[in-house]
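Visitor:
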Amino acid sequence: MDIFTIDELRKTFTNGEMKEEILKGISLTLKEGEITALVGPSGSGKSTLLTIAAGLQPASDGKILFNDNNITSMTAEQVRDIRAKKFGFVFQFAHLVPFLTVREQLSFMLDVSEVKMKNEKREQEIDYILERVGLSERKHAYPSSLSGGEKQRVAIARAVIHKPRVLFADEPTASLDSKKSKEIMSLIQDLTKTLNLTTLMVTHDEEMLSYVDHVVKMSDGLVV
Amino acid sequence: MNIAWKEIKKNKMRFFILGSIIFLVSLLTFIISGLANGLSQDNASLIKDLPSGHFYMNEDAEENYNLSRIDDRIREQLVQEQKDAVAFSIQMGFLNDESDKERSVAFVTSTDSKWFEQVGPGEIILDRSLEKEGMKVGDTLTHKQYKSSFVVKKFVDQKKFSHAPVAYINKEVYNEIYRAEEMQLLFTPGEDSTQNIKGLQSFSNKEFLNTIPSYSAEQMSLNMIVWFLIVISGMLFGIFFYMMNVQKIGLYGILKAIGVKTSDLFKMMWTQMLFITILSLTLSVGSSQLFNKVAPEDMPYHLTNETTLQLSIVFLVIGFIGVTLSGLQIKRVEPLQAIQQGEV
Numbered sequence: 000m001d002i003f004t005i006d007e008l009r010k011t012f013t014n015g016e017m018k019e020e021i022l023k024g025i026s027l028t029l030k031e032g033e034i035t036a037l038v039g040p041s042g043s044g045k046s047t048l049l050t051i052a053a054g055l056q057p058a059s060d061g062k063i064l065f066n067d068n069n070i071t072s073m074t075a076e077q078v079r080d081i082r083a084k085k086f087g088f089v090f091q092f093a094h095l096v097p098f099l100t101v102r103e104q105l106s107f108m109l110d111v112s113e114v115k116m117k118n119e120k121r122e123q124e125i126d127y128i129l130e131r132v133g134l135s136e137r138k139h140a141y142p143s144s145l146s147g148g149e150k151q152r153v154a155i156a157r158a159v160i161h162k163p164r165v166l167f168a169d170e171p172t173a174s175l176d177s178k179k180s181k182e183i184m185s186l187i188q189d190l191t192k193t194l195n196l197t198t199l200m201v202t203h204d205e206e207m208l209s210y211v212d213h214v215v216k217m218s219d220g221l222v223v
Numbered sequence: 000m001n002i003a004w005k006e007i008k009k010n011k012m013r014f015f016i017l018g019s020i021i022f023l024v025s026l027l028t029f030i031i032s033g034l035a036n037g038l039s040q041d042n043a044s045l046i047k048d049l050p051s052g053h054f055y056m057n058e059d060a061e062e063n064y065n066l067s068r069i070d071d072r073i074r075e076q077l078v079q080e081q082k083d084a085v086a087f088s089i090q091m092g093f094l095n096d097e098s099d100k101e102r103s104v105a106f107v108t109s110t111d112s113k114w115f116e117q118v119g120p121g122e123i124i125l126d127r128s129l130e131k132e133g134m135k136v137g138d139t140l141t142h143k144q145y146k147s148s149f150v151v152k153k154f155v156d157q158k159k160f161s162h163a164p165v166a167y168i169n170k171e172v173y174n175e176i177y178r179a180e181e182m183q184l185l186f187t188p189g190e191d192s193t194q195n196i197k198g199l200q201s202f203s204n205k206e207f208l209n210t211i212p213s214y215s216a217e218q219m220s221l222n223m224i225v226w227f228l229i230v231i232s233g234m235l236f237g238i239f240f241y242m243m244n245v246q247k248i249g250l251y252g253i254l255k256a257i258g259v260k261t262s263d264l265f266k267m268m269w270t271q272m273l274f275i276t277i278l279s280l281t282l283s284v285g286s287s288q289l290f291n292k293v294a295p296e297d298m299p300y301h302l303t304n305e306t307t308l309q310l311s312i313v314f315l316v317i318g319f320i321g322v323t324l325s326g327l328q329i330k331r332v333e334p335l336q337a338i339q340q341g342e343v
């Protein structure tokens, strides 16, 4: 089922009198339970496309339809609300909150997304996700005591704990070695299928494409 | 989940340092405020203990009560017309005790009034501080300009003027010593009792206190220190939280990216500020009260609950402003910028 549609999306950056069009009319449809990877050389506009789709920066023109609602015409507060409740994010670095334990990172995300559930249920959900990402034993650890791979697993757990509809991953394996990258991609693939997520990711690593359902090649602001 | 509390728990030392600084600055503020108030009492409790009202002195005196002479006719008319109005005079001088040791006092005499002690010729009523220095009821005291002598009738609590203990004497005796037939000042109690009397200048209690030599200079200096300390504590909050925020800009950006409201980030800062301030203030209020008990008796220290409460509220407000101003940068943080900056 198509739940996320990008239609004729354009982005132009203005620097003084200079105007540079980074996205030149991108159209794309994402399906539930599938991973779509954006690939292409640096400067092709793939990260810009992902961040606009995720509501992290505005588009210059075009539409982004999520559940038939146009994100580009929403207020900043409405977009933030969607980011908190319906989207999940994994970045190149884990970006965990340094003073929260692994369990608290997930509990905090449930608060941010305003998920209402009893404490017992909340703990069950946290335990379930931690088990899925293989970090049950590290539940009470702080980020400073985790390895790079473990941090990224926590970031993934945080991105999906509130059961988002769309997962955005911006080069989630870029800071990891090959073995850990494969583990992380396998995890994203597994969670996308079992939680029925719609995943859009950016990657430079062609090895990771074996884990995705669709590959969208970009060059110079266009899908090629 | 209370993320603000989690951060304090994880970074105990950082918040302990801030709390300690706030504790020390607020304690210093309370103590200096107590001293300011104590000195103020020591300087002018005779006047400060009077109810709100209006003081009058000669216009020609140019706000110097020493030079003021109230015309007897005006004085009599006002004292008769105005309920509880009183005329009085104050002069600094010396008394010699039984061992002929000189004691500096403020001689005070007045017309009949419930606000001033009334004494007969040859009698004297003294401030309690002289009793602590060894004087007793029944002691005989002398003055160089007074042919007879004074017998100490009793002691009264907390009656000082210009840092000297007050000595109430009879009007005739006062006239003999200072060769002054007229009273220096008129006082009429009551907020609305001000009257335009030809040749006299009216002062509120506060205005009159400021005409006492050294009073305003002394109070101004101490109050300036108190306010300076309050501003410093506000700046400390601002700077401390600014430094913390600068370190956490990346984190704030990420939190905003995942959907945390900016208002929640402000609430986090305010919660931390409130927690640290209330804890520090509680400790410093306790310590200042302890100081109240252990301070040497000679030290003019007087910290009221009202002043403590007022200063505590000012500290909280200043801290809140400092933190809020330092937190304005959070509003400007762009999630995208934080993501692109790398690991926090």
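Here the protein sequences come in this chain order: L and C.
Mapping of the first sequence onto numbering that gives the first Met the number 0: residues 0 to 223, in sequence order.
Mapping of the second sequence onto numbering that gives the first Met the number 0: residues 0 to 343, in sequence order.
Virtual Cβ for every residue (Gly too), placed ideally from N, Cα, C.
Predicted model, so just to flag it, every value in this text is computed and none were measured.
Residues of the stretch 236-261 of chain C in Cβ contact with chain L at a cutoff of 8 Å, in chain order, please.
Guide: 249, 250, 253, 254, 255, 256, 257, 258, 259 and 260
Visitor: Does any C-beta atom of chain L lie closer than 7 Å to the C-beta of residue 327(C)?
Guide: no
Visitor: Taking the DSSP output, what are the residues bridged to residue 29(L)?
Guide: Looking at the DSSP output, residue 29(L) bridges to 3(L).
Visitor: Cβ closer than 8 Å: which chain C residues qualify as neighbours of residue 112(L)?
Guide: 258
Visitor: Quick check: the stretch 66-82 of chain C against the stretch 148-165 of chain C, are there 3 or more CB pairs under 8 Å?
Guide: Contact between the stretch 66-82 of chain C and the stretch 148-165 of chain C is absent: fewer than three C-beta pairs spanning the two stretches fall below 8 Å.
Visitor: What does a CB cutoff of less than 7 Å around residue 44(L) pick up in its chain, not counting 5 residues either side in sequence?
Guide: Around residue 44(L): 21, 22, 217 and 220.
Visitor: Just curious, the alpha helix (DSSP H) that residue 80(L) is in, first and last residue?
Guide: 75-84
Visitor: Name the one or two DSSP bridge partners that residue 289(C) has.
Guide: For residue 289(C), which the question treats as bridged, DSSP gives no partner whatsoever.
Visitor: What does the alpha-carbon distance come out to for the pair residue 9(L) and residue 246(C)?
Guide: 34 Å
Visitor: From which residue to which residue does the beta strand (DSSP E) around residue 199(C) run?
Guide: 199-203
Visitor: When you compare each of 332(C), 117(C) and 2(C) to residue 172(C) by their alpha carbons, which one comes out closest?
Guide: 117(C)
Visitor: Are the beta-carbon atoms belonging to residue 194(L) and residue 159(L) less than 7 Å from one another?
Guide: yes
Visitor: Closest by CA to residue 128(L), which one among 106(L), 63(L), 211(L) and 48(L)?
Guide: 106(L)
Visitor: Mind listing, in chain order, the continuous alpha helix (DSSP H) runs of no fewer than 4 residues lying wholly within the stretch 13-94 of chain C?
Guide: 71-80
Visitor: Can a CB atom of chain C be found closer than 7 Å to the CB of residue 94(L)?
Guide: yes
Visitor: Going by C-alpha to C-alpha distance, which of 14(C), 212(C) and 238(C) sits closest to residue 326(C)?
Guide: 238(C)
Visitor: For residue 100(L) and residue 256(C), I'd like the C-alpha separation in whole angstroms.
Guide: 20 Å
Visitor: Is the stretch 167-186 of chain C close to the stretch 56-72 of chain C, with three or more CB pairs under 8 Å?
Guide: yes
Visitor: How about residue 2(C) and residue 287(C): do their beta carbons lie closer than 7 Å?
Guide: It is not a contact, given that the beta carbons lie outside the stated cut-off.
Visitor: By Cβ distance below 7 Å, which residues in the same chain neighbour residue 177(C) in space, the five residues on each side in sequence not counted?
Guide: Around residue 177(C): 90.
Visitor: Quick one: is residue 75(L) near chain C, going by C-beta distance under 7 Å?
Guide: no
Visitor: Below 8 Å CB to CB, which residues in the same chain sit around residue 169(C) once its five sequence neighbours on both sides are set aside?
Guide: Within the same chain, Cβ atoms closer than 8 Å to the Cβ of residue 169(C) are found at 108, 118, 119, 120, 121 and 122, the five residues on either side in sequence being excluded.
Visitor: Could you check where the beta strand (DSSP E) with residue 126(L) kicks off and where it finishes?
Guide: Unbroken run through residue 126(L) is the alpha helix (DSSP H), 118-131; no beta strand (DSSP E).
Visitor: In this structure, how does DSSP classify residue 52(L) when only helix, strand and coil are distinguished?
Guide: helix
Visitor: Does residue 68(L) pass the burial test, meaning 16 or more other C-beta atoms within 10 Å, or should it be called exposed?
Guide: exposed
Visitor: Report the residue ranges of all alpha helix (DSSP H) runs contained in full by the stretch 198-244 of chain C; include only those spanning at least 4 residues, in chain order.
Guide: 204-208
Visitor: Just mark residue 254(C) as buried or exposed, buried being the case when its beta carbon has 16 or more other beta carbons within 10 Å.
Guide: buried
Visitor: Report the residue from 338(C), 127(C), 204(C) and 50(C) whose alpha carbon sits nearest the alpha carbon of residue 252(C).
Guide: Closest option to residue 252(C), Cα to Cα, is 338(C).
Visitor: Grab the span of the alpha helix (DSSP H) containing residue 157(L) for me, first residue to last.
Guide: Element bounds for residue 157(L): 147-159.
Visitor: Please go through the same chain and pick out, in chain order, the residues whose beta-carbon is closer than 6 Å to the beta-carbon of residue 141(C), but skip the five residues on each side of it.
Guide: 95 and 148
Visitor: Compare the C-alpha of residue 263(C) against each of 110(L), 171(L), 141(L) and 50(L) and name the closest.
Guide: It is 110(L).
Visitor: Run through chain C and tell me which residues come within less than 7 Å of residue 90(L), C-beta to C-beta.
Guide: Going along chain C in sequence order, the residues near residue 90(L) (Cβ under 7 Å) are 338.
Visitor: Can you tell me whether residue 321(C) is helix, strand or coil according to DSSP?
Guide: helix
Visitor: Can you pull the chain L residues whose beta carbon is under 9 Å from the beta carbon of residue 5(C), in chain order?
Guide: 96, 98, 99, 100, 103 and 107
Visitor: Output, in chain order, the set of chain C residues within a Cβ distance shorter than 8 Å of residue 79(L).
Guide: 255, 258 and 260
Visitor: In three-state terms, what does DSSP make of residue 200(L)?
Guide: If DSSP states are grouped into helix, strand and coil, residue 200(L) belongs with the strands.
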